[in-house]
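A short write-up of the structure that comes next.
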Amino acid sequence: MVIVWRSKMSIDKDIIDEDHKTLIKIINSVETALREGKRGKDLMNNIQELKKYTDDHFEREESILKKIKCPNYDQQTNKHEYLIIQLNDIISDLLGLRGERDTDKAIPKLVKTLKSWLMGHVLKDDVKIKPFIEAAK
Ligand SMILES: [Fe+2]
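Just so we're aligned: 68 in the working numbering is position 83 of the sequence shown, and the numbers increase by one with no gaps anywhere.
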């Protein structure tokens, strides 16, 4: 099932929310591609988009935090580094999928991991910066 953006995910009613909505869209399209049996180049394009957008989003988020002198800046940038490592692991698992029997079991598990990866970032990490963003407005 695809992820639907909800108001409880809102962090800044601005750039960060728009970025998160786009990340959800990309992850949903990775899921759709996998379910439709797309592999190789099609899947790779979705995954590359996810990687690139994640990097860009973290960069944008960090520059916002820097600008508002958020006390959680270091904590958040460390977390981003860790999230990139986790994402790379998920991606190598996705790209390593082989054969029908393997993929039937592995795909739902990987998609679930990918979704919890994003939801963890939004609902566990970014909610912590929300009060600082609101205070700076
Ligand atoms: Fe974020």
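Yeah, the Cβ is synthetic: ideal placement off N, Cα and C, and Gly gets one too.
Thinking C-alpha only, which one of the options is nearest residue i?
{"i": "LYS64", "options": "TRP102, SER(-8) and HIS5", "result": "TRP102"}
{"i": "THR62", "options": "ILE75, LYS122 and GLU47", "result": "GLU47"}
If you draw a straight line from the alpha carbon of residue i to that of residue j, how long is it in whole angstroms?
{"i": "ASP89", "j": "ILE1", "result": "34 Å"}
{"i": "ARG45", "j": "TYR38", "result": "10 Å"}
{"i": "HIS42", "j": "LYS36", "result": "10 Å"}
{"i": "LYS113", "j": "ILE92", "result": "31 Å"}
{"i": "ASP78", "j": "ASN57", "result": "31 Å"}
Any heavy atom of ligand 1 closer than 6 Å to the beta-carbon of residue i?
{"i": "GLU46", "result": "yes"}
{"i": "ASP41", "result": "no"}
{"i": "ASP111", "result": "yes"}
query: Any contact of the stretch 46 to 60 with the stretch 12 to 25, i.e. 3+ C-beta pairs under 8 Å?
result: no
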